[in-house]
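2 protein chains.
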Amino acid sequence: MHSTKNIFAKDYGILPNQSTDCTQAFYKMLTDHPENACFILDPGTYHFSSEEALRGDYYISNTDVENPRHLSILLKDMKNITIDGNGSLFLHKGQTIPFTVDHCDTVTLKNITIDWSIPLSAEGLIVDACKEWTDMKIDSDLFPHFIKENWLYFKGENWESPYGSFCQFDHTTKKVAYGTADLFQSSKQEQLEDGTIRFYGPFDPVPTPGNYGVLRHNRRLHPGIFLNQSSNLHLEHITIHNTGGLGILAQFCENLAFDHIRFEANRAAGRKVVSGHDDGLHLSNNRGEITVEHCSFYGLMDDPINVHGTTVKITEIVDTHTLKGIFVHYQAVGFDCWAEKGQTISFIDHLSMASRGTGTVNHFELLSPKEFIITFDTPVPNTFQVGDALENLTNSPSLICRNNYFGSCRARGVLVSTPKKVLIENNVFESAGSAILIAGDANFWYESGACSDVLIRGNHFADCCMTSMYQFCEGIISICPEIPKPELHKPFHRNIKITENTFQSFDYSVLYALSVQGLEFSHNRIIRSYVYEPMDRKHHMINLEYCSNVTLHDNHLIGDVLGQDVHTVGMEDHSILFK
Amino acid sequence: MHSTKNIFAKDYGILPNQSTDCTQAFYKMLTDHPENACFILDPGTYHFSSEEALRGDYYISNTDVENPRHLSILLKDMKNITIDGNGSLFLHKGQTIPFTVDHCDTVTLKNITIDWSIPLSAEGLIVDACKEWTDMKIDSDLFPHFIKENWLYFKGENWESPYGSFCQFDHTTKKVAYGTADLFQSSKQEQLEDGTIRFYGPFDPVPTPGNYGVLRHNRRLHPGIFLNQSSNLHLEHITIHNTGGLGILAQFCENLAFDHIRFEANRAAGRKVVSGHDDGLHLSNNRGEITVEHCSFYGLMDDPINVHGTTVKITEIVDTHTLKGIFVHYQAVGFDCWAEKGQTISFIDHLSMASRGTGTVNHFELLSPKEFIITFDTPVPNTFQVGDALENLTNSPSLICRNNYFGSCRARGVLVSTPKKVLIENNVFESAGSAILIAGDANFWYESGACSDVLIRGNHFADCCMTSMYQFCEGIISICPEIPKPELHKPFHRNIKITENTFQSFDYSVLYALSVQGLEFSHNRIIRSYVYEPMDRKHHMINLEYCSNVTLHDNHLIGDVLGQDVHTVGMEDHSILFK
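Protein chains in written order, with full-length UniProt numbering: chain V, 1 to 579; chain E, 1 to 579.
Here you go:
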């Protein structure tokens, strides 16, 4: 390791609490010291506008495609770098990515708060509601807005954005309101005389006066922090109050550490709930080890953590060694590094989701942002067909997710699908839907892949889990791969152990598992909660489909737990061992 | 062990779902088989009225004194006995103790639900409120009532009882309403035209319409289950919906096991909150091992668990070996077995609470229900003075409290003070005040004594803890002995380890400890909650007074935890080791 020199930002004219835009000064400072530097800021506020932002073309996973992107601070081709904000606030105007780390090695970002002077999502207070309409007070200073042609628009320093939909947070519990499920749609809006905005429905359920409405608008264009094709990245003590898209998006990176990352509303600025437009940590197609510790998620408009790969669909078998295929999901295209020479690829039967074998990449090349051609060192399995899928096993990380707080956000808590080791330990979940979702599919979202070693231990699942139903939420822990034709002897996931957790459950389904070989549910505590009314259509505590080698033992039922039983579909008598 | 014979209750005419009172038939059955019997009931409902109840004189710990007591089922001088209710409901009318176990050895009570046709506490729905008055709808069928001379009375089959005070449960969270603290007092009540009861205040804070009011009335006369001077008692799968006093009161017993005991409102009968008049498990002056597992507490009007002894005050030093003294607290008198020959007594300096030494009892005798004389085998320490106190070290139990749910109740969660080993592990606390209180005093409540080995591990403390302030609640865990003159080198408690717990805290004080030697707080997770506004006058996370040999290490702070510091009073520089 080369010795690192300290670079003081003030020496580049980057001074706190000035009205000037810092984009260019940062660019100069960073390009002056591409290696072995620790950039140190004086504490205070630094301003960045999308108008001053750098421009760069990027295909960003699970993000709308529109190039070029706006980049406020760009670290490109750098090595052994630290940026220490000393608790500074980086305050943005308009659509931009505050930090982009591209093709770097060994980078630490720390002690930084990211916010917008005018946030890219809005909030209001629901003051009246019925089936036909909902009235909301929206603070004009915090969230400037106007009505044009019966539609609500939000506006910032250099942008306007039409309202999309809203979701509700309960004013007492500060959590996504019970049974409100997904976002409320409105057919038109108008402004009443006193400034209140009326949203015309119909609404079912009817929103509750006193609750907060989170108003989503803007497209998903710019994540808060974008980590691309880099390695050994450490993010520590970073607070994110707002983003224009995913919170932190990492793709095709190796070894990522997140410690003390907080997603939360800027309460000091008068905001109540919303902290981000979409997911918190969206980690796609990475490898090596990912650690997430001491992080706190609240008020996100999508899943706090999503760790997955991207599966691709085969459209043509060119020859014994060569395939053509496409990226299916419109927000996950253009990845020219999806596969590289020497990487291991799994050939997936898209109906059973079983692997037909693996191969080593010889050559991968994009034909367009959507289409690619891939050649292997050895022949493709002859059972492999057009419509089947490929998964990149090399680009799959292990995950340690420990000592985190998953507060109430829209959707679920942790989504994970990776063949490498996964540890989810000692976290607290107050998710609105499922707390943990282990999915995997090659049919709709194309977010692979099969898990083979998952340990979920010592977590606390609060009784608000599963108060709203979102896609794939079949239990507090939902192992729910998309498999058109599941087969008992072709398990998708393997070796999932759920032990020593506490579930406070108002409803029936604590665990749902489909297509798992080797599932243990032991030494857990299940406590009956009466805070909410049960609403799940399932009436069993444990729901298993096409699972084998299941062991259930030493679980503690406390209070009148609902459906103290196990329900199975497509399983054999000896599939479950009750010790 | 002698072989046990099965006795079928139906053979004694004890049939389910009859209108007849079962008291006498039970008495006959039990006296017929005082040893080696398992009494088996057909499932169903059995009736017991206070008018038919047996009578017996008992001094019951922490209960109003009024003899004789009403006893529905009495097990006296029995051995190796089981009563298996097979899920039956024992339904009571009026003031009575459903089960009394007196001078027995090896008794199991199981599969029984205890309730009253008209409960001995009431509930209402708050429909309107202001500073001057609070209006409550009280269901006349569930809780018959009337107004007489500007005062609300509740009535049952053979009783009337004047209203005492009410406390509030939040309609959304189903927990004791934030910041409402102790019971609301009313100066007079009247009935409005539509039947609503108006309670005149003044009220500060003003109750919240929509919330439930729990209306306390009746004196504390008859616990739900009374265990007296017995050994090896097992209570399993017992649900208690109502009591006239403490839930389960055990005194001067040896070895007690509580498994799957539930205190909860009879929701099927339309009740919402209240499950008991006072404490849940009140365990006073016992010895041997106490285990509490898989129990669930909700809606109690006092602490779910209280494990303590009774200290007594010395009024006269008769001679070198002989003392006279009194029981100080009016609800803890008349214990003719407070000390027995051969038992070990500690001599307590009531100002520093330090022990001046121990002695062995030669003779103990009551002079009146309040006064006693005690003689020791060896001289009393010559520093011992009138006004000092005695603690019975023999009558002190170990406690294992594991895998329980402490739902929202008035007051605190677990109170424990015993010199024997204490393990509080893997519980969930949603207490309104402190979750765990380790007190000990010889100045006011006279509930001894000093702890010497406490392990608090793997518990989850929800963010409603400390939303209301009750006596001694100085932190989520409050180690708060009453010591008029604490001294650093005369510690009261010793060896308390708090590790691997999760605290969701909206306020500052997670831990308060006074006069502890050997305190470890390690590997805990503290998560900032924003559900409630902070209100504690203390502004530190850890508050230590007169403690020594403290170690703090490896605690995880998640989110913007308030007061991330340690505040000390009366301590030395080397008192705390930060590893």
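Think of the CB as a built atom: it goes at the ideal place given N, C-alpha and C, for glycine as much as any other residue.
Query                                                                                                                                                                                : Result
How would you list, in chain order, the residues of chain V whose beta-carbon sits under 8 Å from the beta-carbon of T502 (chain E)?                                                 : N426, V428 and H460
Give the DSSP-derived three-state secondary structure of S575 (chain E) in the structure shown.                                                                                      : helix
Between which two residues does the beta strand (DSSP E) containing K28 (chain V) stretch?                                                                                           : It is not in any beta strand (DSSP E) - K28 (chain V) instead sits in the alpha helix (DSSP H) that spans T23 to D32.
So H33 (chain E) contacts chain V; which residues on that side make the cut at Cβ distance below 9 Å?                                                                                : What H33 (chain E) touches in chain V: nothing, since even the nearest Cβ is about 32 Å away.
Who pairs with Q504 (chain V) in a beta bridge, going by DSSP?                                                                                                                       : V:I527
For E453 (chain V), name the three-state secondary structure that DSSP assigns.                                                                                                      : Looking at the sequence provided, one finds Asp at residue 453 (chain V) rather than Glu. Coil, per DSSP.
Closer than 6 Å by C-beta to R528 (chain V): which residues in its own chain qualify, once you throw out the five before and the five after it? Chain order, please.                 : G559, D560 and V561
Which residues, in chain order, does the region 289 to 303 of chain V contribute to contact with chain E at a C-beta distance below 9 Å?                                             : E293, H294, C295, S296 and Y298
What residues of chain E sit near T467 (chain V), judged by a beta carbon separation below 8 Å?                                                                                      : Per Cβ cutoff of 8 Å: no residues; T467 (chain V) is ~12 Å from chain E at best.
Listing by chain order, which chain V residues have their CB less than 7 Å from the CB of V531 (chain E)?                                                                            : T173 and K174
K10 (chain E) by DSSP, collapsed to three states: which one?                                                                                                                         : helix
Rounded C-beta distance between I479 (chain E) and S505 (chain E)? I'm assuming under 8 Å.                                                                                           : The Cβ separation is near 17 Å, so there is no contact.
What's the gap between the Cα of L415 (chain V) and the Cα of A439 (chain V)?                                                                                                        : 7 Å
Within 8 Å (strictly less), CB to CB, does D170 (chain V) reach chain E?                                                                                                             : yes
Spatial neighbours of H234 (chain E) within its chain, please: CB distance less than 6 Å, with the 5 preceding and 5 following residues excluded, ordered by chain position.         : T108 and A257
With distances taken Cα to Cα, identify the nearest neighbour of V307 (chain V) among V:E35, V:A450, V:H277 and V:Y212.                                                              : V:A450
How would you label N427 (chain E), buried or exposed, when you count the other beta carbons within 10 angstroms and need 16 or more for buried?                                     : buried
Here's a check: name, in chain order, each residue in its chain whose Cβ is nearer than 8 Å to the Cβ of P144 (chain V), leaving out the five neighbours to either side.             : I118, F154, K155 and G156
Short of 8 Å in beta carbon distance, which residues of its chain neighbour Y508 (chain V), apart from the five on each side in sequence? Order them along the chain.                : P534, D536, K538, H539, H540, M541, L562 and G563
Any C-beta of chain V sitting closer than 8 Å to the C-beta of R262 (chain E)?                                                                                                       : yes
Kindly list, in the order they appear in chain E, the residues whose Cβ is closer than 9 Å to that of N111 (chain V).                                                                : Ordered by position in chain E, no residue passes the 9 Å Cβ test against N111 (chain V), which lies about 14 Å from the chain.
Spell out whether any CB of chain E is found under 8 Å from the CB atom of I477 (chain V).                                                                                           : no
Determine, using beta carbons only, whether G244 (chain V) and H277 (chain V) come nearer to each other than 8 Å.                                                                    : yes
Let's test the definition: count the other Cβ atoms within 10 Å of the Cβ of R267 (chain E) and tell me whether it reaches 16, buried, or not, exposed.                              : exposed
Select from the region 530 to 563 of chain E all residues with a C-beta closer than 8 Å to any C-beta belonging to chain V, and list them in chain order.                            : Y530, V531, H556, L557, I558, G559 and D560
Closest to F384 (chain E) by C-alpha separation, out of E:L367, E:E340 and E:T322, would be which residue?                                                                           : E:T322
I'd like to know if the region 192 to 203 of chain V and the region 34 to 53 of chain V are in contact, where contact means that at least 3 CB-CB pairs between them fall below 8 Å. : no
Can you list, in chain order, the residues of its chain with a C-beta nearer than 6 Å to that of S398 (chain E)? Leave out the 5 residues immediately preceding and following it.    : E289, K420 and K421
Assuming S452 (chain E) and L390 (chain E) make a contact with CB atoms under 8 Å, what is their CB distance in whole Å?                                                             : No, S452 (chain E) and L390 (chain E) are not in contact; Cβ-Cβ is about 18 Å, not under 8 Å.
In the DSSP assignment, find the unbroken beta strand (DSSP E) run with R220 (chain E) in it and report its ends.                                                                    : It is not in any beta strand (DSSP E) - R220 (chain E) carries neither H nor E in the DSSP assignment.
Can you have a look at Y298 (chain V) and say buried or exposed, based on whether 16 or more other CB atoms are within 10 angstroms of its CB?                                       : buried
Closer than 8 Å by beta-carbon distance: list the chain V residues that pair up with R525 (chain E), in chain order.                                                                 : N403, N426 and V428
Can at least three beta-carbon pairs, one atom from the region 3 to 18 of chain E and one from the region 54 to 62 of chain E, be found at a separation below 8 Å?                   : no
Pull the bridge partners of Y178 (chain V) from the DSSP assignment, please.                                                                                                         : Paired residue(s): none; Y178 (chain V) is not in a bridge.
Compare the C-alpha of D64 (chain E) against each of E:P223, E:E447 and E:E474 and name the closest.                                                                                 : E:P223
Which residues in the same chain as E371 (chain V) place their Cβ atom closer than 6 Å to its Cβ, once the five residues preceding and following it in sequence are excluded?        : I326
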